[in-house]
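Residue numbers (the numbering used here): 65 to 641.
Cβ atoms here follow ideal geometry from the backbone N, Cα and C, with glycine treated the same way.
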């Protein structure tokens, strides 16, 4: 039903129903099934948020646009619909831009909708309120960018944004709405006709039969096959087909961090605990929705060993092929269609993976799991990372339906390997960019979009980027339990400043009590100094569904420089004088 704003009398006895830009934006969203918006109110979109809420759209107001943008980005990943972030002009737009670029880099469908200053003033640089050519700034950082100047084009503008966000390789889209647009008035019937319901926004892209045969021939010829599942495979929501394909292949598999749970990490073919071995020794590697970027050492170097390798790659983007190494069998299409075609092509008598290879991988996996087990049983106080994560590992095992949000340096790197996942799209983390600050935005969107309890495991440094959003969590009474791993600093809390009285650059306030922050907003705060205390507090929070923050006291000396990617942090080769 179209929202009509006013009625006007053109002549005696005649009335014309009118609508305006505000109502047309809302109608365009509702027509296309977008029922949730994340943002920060202000000029010129304050009334748009109010009116959208009154029209039945859920509008979540954040404390900072970047966090609202991260929420919209992960909403897109979870739902396959573009998450929408609504911001004010100029500074608010810039705050949301990091999240938009993050969505594009991670292939999450998202639309950043920003109010903007008037074109005629911006183009002459006459100094309008928050004057900025936002469209020009956004273009290099997203998949597509559009500006709507006339009310009759709002429908087509949103249609183009939606289709661009979800078709092909998903990504971020910017939609610029100048302030004057909202108050433009037009005939209601004409307005309704101008709206566009997007049909088949992300059409299936079927792989070529010859490409499917080539990929299967290479896989069948493998002596040491390996399958790597990326978050693109998780996004596809082709869970049953992916599991059937992996199991039918018999090959060991690795799951990138946000793909964890497509098959349980405890699956007999899982090689997660033997990652170094399988990457080094495999002779055929099939990538499904995964890219050979820095997270996989670009497919070369010592991580991949000296054994010759052939790569099979399943991706919707043709330009992804050969991006770092030669791809012997490129398979271009959407993940669901490609995996279904592979399954059909395998037939009923696909050969088992070579037993000498699977036996070797399983033995290494079991050996590494056994080595790790005692560390995870530690009940030391103050806690180390392994003792604390061992508790959270058990919590997720007992609550596999809960969503885990994870960020930090050591907190992220170690949790990725320690905490097993059992269901798809239950682990959300920093993704391809490795960007810090996603935590609270992700946690809020995960709770809103899924209705499931959320466990957010944060390094104390990472939490600082979005920590004020705990007020947002309390305001909307969301079932989010935040655990801050507090070791008094970035990487560690033991660094010293040898040149003066100021604290070292990586050191925070000693003994900080993050749990007190949430109490200020009516949430539950807990200070946990041992694994046993942490376990009790997390279970109580997950049972209650109340907004909770647990300050998990970690030994300040625990942790390593930059976590497991310390090699990316340049070091001076000069000797100190």
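- Nearest in C-alpha terms to residue 314, of all of 303, 286, 339, 297, is 286.
- Each residue's CA atom was taken as its position, placing residue 375 and residue 112 some 50 Å apart.
- Taking the C-beta atoms as reference points, residue 175 is found nearer than 7 Å to residue 237.
- Counting along the chain, the unbroken beta strand (DSSP E) around residue 211 starts and ends at 208 to 211.
- Cβ-Cβ distances below 6 Å link residue 258 to 216, 219 in the same chain, with the five nearest sequence neighbours on each side left out; the list follows chain order.
- Taking the Cα of residue 475 as reference, the smallest distance to any Cα among 79, 171, 527 is reached at 527.
- Note on residue 87: 16 or more other CB atoms within 10 angstroms of its CB, so buried under the neighbour-count rule.
- For the pair residue 106 and residue 129, the CB atoms are not nearer than the 7 Å cut-off.
- For the set 311, 180, 587, 164, the Cα lying nearest the Cα of residue 173 is the one of 164.
- Judged by DSSP secondary structure, residue 394 falls within the beta strand (DSSP E) whose first and last residues are 393 to 396.
- As for any beta strand (DSSP E) of minimum length 3 sitting wholly inside the region 506 to 587, the runs are 518 to 523, 544 to 550, ordered along the chain.
- DSSP links residue 178 through a beta bridge to 151, 240.
- Secondary structure in the region 458 to 508: the alpha helix (DSSP H) runs of 4 residues or longer, each lying completely within the stretch, are 474 to 482 in chain order.
- Going by DSSP, residue 374 is part of no alpha helix (DSSP H) but of the beta strand (DSSP E) stretching over 374 to 379.
- Uninterrupted alpha helix (DSSP H) stretches at least 4 residues long and entirely within the region 291 to 318 occur at 295 to 299, 303 to 313, given in chain order.
- Taking a C-beta distance under 7 Å as the contact criterion, residue 181 and residue 194 qualify as a contact pair.
- In the structure shown, the three-state DSSP call for residue 247 is helix.
- By alpha-carbon distance to residue 154, the top candidate from 224, 83, 240 is 240.
- Straight-line spacing of the CA atoms in residue 247 and residue 337 works out to 59 Å.
- Less than 7 Å separates the beta-carbon of residue 510 from that of residue 467.
- Inclusion of residue 479 and residue 433 in the CB contact set at 7 Å is not warranted, their separation being larger than that value.
- Collapsing the DSSP output to three states places residue 613 in a strand.
- Between residue 119 and residue 167, the CB-CB gap reaches or exceeds 7 Å.
- Each of 529, 191, 294 was checked against the Cα of residue 503, and the nearest Cα belongs to 529.
- Residue 134 and residue 505 have their C-alpha atoms spaced approximately 5 Å apart.
- Assignment of residue 190 by DSSP, reduced to helix, strand and coil, places it in the coil class.
- Spatial neighbours of residue 344 in its own chain (CB-CB distance under 6 Å, excluding positions within 5 residues in sequence) are listed in chain order as 369.
- The bridge partners DSSP lists for residue 618 are 447.
- DSSP places residue 125 inside the beta strand (DSSP E), whose first and last residues are 122 to 125.
- Contact check between the region 293 to 313 and the region 422 to 437: fewer than three CB pairs, one atom from each, fall below 8 Å, which does not count as touching.
- Residue burial is scored here from C-beta neighbours: residue 372 has fewer than 16 other C-beta atoms within 10 angstroms and is therefore classed as exposed.
- For residue 159, the closest alpha carbon among the candidates 274, 198, 391, 380 is that of 198.
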